[in-house]
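This report concerns only the one structure given below.
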Amino acid sequence: MPLYHYSARRAGQLVQGEIELASPAAVAAQLVENGLTPVRIAEAASRAGRTERSATGGLFQRRVRSEDLILFCRQMYALTRAGVPMLRALRGLMESSRNPRLRQALQGVIDGLESGRELSSALAAFPEVFPPLLTRMVQVGENSGNLEQAFEQLAQYLEFEKQTREQIKAALRYPTFVIVAIAIAISILTLFVIPAFEKVFASFGAQLPLATRIIMAVSHFARDWWPYIAGGLLLGSLLLRRYLRTVSGERLWDRLKLRLPLVGSILRRATLARFARAFAMGYGSGVPLVQALAYTARAIDNRYLGEKLEGMRNQLERGETLTRSAAASAIFTPLVLQMLAVGEESGSVDSMLLEVAGFYEREVAYELKNLTSAIEPVLIIIIGAMVLVLALGVFLPMWNLSSAMRG
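Take a look at the structure:
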């Protein structure tokens, strides 16, 4: 998404900062929601320029990890609960932080507080460090007087997110290693082993089977054109990476990864669990239903599902119920829709959403445990196909030649 510089006023005082949203209208709406009156909104020159001018440091500075944010939220919860003044708490965290990027961002937050800005507004000036959900939950905590509870909920939420990502990575580590090993083996066979067999076959002068001739042709092509193949793969990966950074590319990838075999359903359920828990946090803290849905749609880190949730928000604004708008989005299971209907009827939407989050989280945990066993048959089929190709293309002509010599 593009980055925008903005100037706004709060109680007559000028406030400036940066925010990353889809359009100037979205920026203006966000500023109004934060209690600011927009004065000027201008798009930044480029992502490269933003990186160089970022108040959080240079291009090669270490990024802020989820562990840093979890520790930040835990410490802020403890300090605000103990009644430590905000500026003093932030200065202490800045001095003890080991991440230079987070340290510089905290210095910017302190400067914003000293200039009269609220904590949520000061945090929102650094969207590359503090995610939108964090700043919006802090804003809810400020408005409701439950700032320490907001930081506690954020720490729990971020810890669950970190745990889910680690479980997915652990489940995919073994199949990824196997696939990489298979790719390396195929490259070695194509570039070195098959040419050696080709010399043996040529010495006999016999007609080779079709499978063997196909393998030889592939080997010749790979050996003669490998610089162009490598260059094309490198250029293609760079262009693909650049496209995926665009709005349309991000939307396409977010949609495709939810349809990947085996892992797509896990990613979908994990994202919906993130939505349900974040939505329950916002709505349960007093944020109006429509605003809570809009905040969460921009904070779930999936543009495709975010647009589905934006569609739900539009239907809510037209007077539809939460259950009907959720059913129209076609992203929830019937059980979840039933739980949302019960929540609307009983006036406990937030508690029902927490049940929805727990339901999806249990499904994700179950599927993650079975992911490795589900992937193993696929890997066995791939390895078996490799052995079959080698048997037909390399060893079959050798067997034929040895049989002919014995005959």
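Numbering (UniProt numbering), first residue to last: 1 to 407.
Even for Gly, the Cβ is constructed at its ideal location relative to N, Cα and C.
- The segment 292-303 makes no contact with the segment 380-395: fewer than 3 CB pairs, one atom from each, lie closer than 8 Å.
- In the displayed model, P24 falls within a helix according to three-state DSSP.
- The criterion of a C-beta distance shorter than 9 Å is not satisfied by F126 and G141.
- Comparing alpha-carbon positions, the option among F130, P397, L368 and A391 lying closest to Y174 turns out to be L368.
- The segment 388-398 makes contact with the segment 206-224, as at least three CB pairs between them are under 8 Å.
- Separation of I214 and I380 (C-alpha to C-alpha, rounded to the nearest whole angstrom) is 24 Å.
- Around the beta-carbon of Y228, fewer than 16 other beta-carbon atoms lie within 10 Å, marking it exposed.
- A direct Cα-Cα distance of roughly 57 Å separates N314 from D224.
- Counting only the Cα atoms, P377 lies some 54 Å from I41.
- Judged by DSSP secondary structure, V39 falls within the beta strand (DSSP E) whose first and last residues are T37 to E43.
- The way I'd put it, the segment 338-356 does touch the segment 272-289; three or more beta-carbon pairs between them come closer than 8 Å.
- Burial state of V138 is buried, judged by a 10 Å Cβ sphere holding 16 or more other Cβ atoms.
- Burial of P132 is indicated by the presence of at least 16 other C-beta atoms within 10 angstroms of its C-beta.
- Under the three-state reduction of DSSP output, L14 falls in the strand class.
- For the pair M216 and I182, the CB atoms are not nearer than the 9 Å cut-off.
- Within its own chain, the residues whose Cβ lies closer than 6 Å to the Cβ of S97, once the five positions on either side in sequence are excluded, are R103, listed in chain order.
- Of the residues E118, S329 and M352, the one whose Cα lies closest to the Cα of L340 is M352.
- Listed in chain order, the non-local C-beta contacts of S66 below 7 Å within the same chain comprise L158, E161 and K162, local neighbours out to five positions each way being set aside.
- The residues F279, G282 and Y283, in chain order, have a CB closer than 8 Å to that of A292 in the same chain once the five nearest residues on each side in sequence are set aside.
- The DSSP assignment places 289-297, 303-317, 322-329, 334-346 and 349-390 as complete runs of the alpha helix (DSSP H) inside the UniProt domain "Type II secretion system protein GspF" (275-397), in order along the chain (cut-off: 4 residues).
- Around the Cβ of G319, a 10 Å sphere holds fewer than 16 other Cβ atoms; the residue is exposed.
- Contact between L147 and L134 fails: their C-beta atoms lie close to 12 Å from each other, not under 8 Å.
- Counting of Cβ neighbours within 10 angstroms places Y360 among the buried residues, the total reaching 16 or more.
- When secondary structure is reduced to three states using DSSP, R98 falls in the coil class, being assigned neither helix nor strand.
- Within the same chain, Cβ atoms closer than 6 Å to the Cβ of L69 are found at L158, the five residues on either side in sequence being excluded.
- DSSP places V218 inside the alpha helix (DSSP H), whose first and last residues are L210 to L244.
- Excluding five sequence positions before and after L337, the CB atoms of its chain that fall closer than 8 Å to its own CB belong to T323, A326 and A327, given in chain order.
- Following the DSSP letters along the chain, one finds R251 inside the alpha helix (DSSP H) bounded by residues V247 to L256.
- Under the DSSP assignment, P175 falls in the alpha helix (DSSP H) whose first and last residues are L147 to I188.
- Note that the C-beta distance between T80 and F151 is below 9 Å.
- In this structure, the straight-line span from the alpha carbon of W226 to that of R251 is close to 33 Å.
- Looking only at I266, L289 and M312, the smallest Cα-Cα distance to R362 is reached by I266.
- In this structure, Y295 sits away from R117, with a CB-CB distance that is not shorter than 9 Å.
- In this structure, DSSP gives A124 a helical state, which the three-state scheme calls helix.
- One thing to note: L390 has its Cβ no nearer than 9 Å to the Cβ of L191.
- Beyond the five residues adjoining it in sequence on each side, D254 comes within less than 6 Å, by CB distance, of N302, R303 and Y304 in the same chain, given in chain order.
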